[in-house]
Amino acid sequence: MTQFPDIDSHKWNAYFNAAKAMETSGSFAEAIAEAYYKADKKNKAILEQAFQDLFMSHMSDYDKAWFGK
19 MTQFPDIDSH KWNAYFNAAK AMETSGSFAE AIAEAYYKAD KKNKAILEQA
69 FQDLFMSHMS DYDKAWFGK
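Positions in the sequence shown are counted from 1; adding 18 to them yields our numbering.
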């Protein structure tokens, strides 16, 4: 039987990968990435929504695919 990946975990990985890329992208992006690492689940969701364009601009095409982009 084929196991399908957990969509939520892939989206979390996509945001985490974007945050890693943001570490070398300038002080503002670095600060958002650092806040993302330290945030709890609720605050991660707030950061993801508030800075969606910033996260998306640092995501790979593979990761963007999980969001239909």
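Beta carbons: idealized from backbone N, C-alpha and C, even for Gly. Computed from a prediction, not measured in an experiment: that's the story for all the values here.
Which class does serine 45 belong to by DSSP, given the choice of helix, strand or coil?
helix
When you compare only the Cα positions, how much space is there between phenylalanine 85 and lysine 29?
8 Å
For lysine 87, the first and last residue of its enclosing alpha helix (DSSP H):
No alpha helix (DSSP H) holds lysine 87; DSSP gives it neither H nor E.
Can you tell me where the alpha helix (DSSP H) holding methionine 74 begins and where it ends?
70-75
Give the DSSP-derived three-state secondary structure of aspartate 58 in the structure shown.
coil
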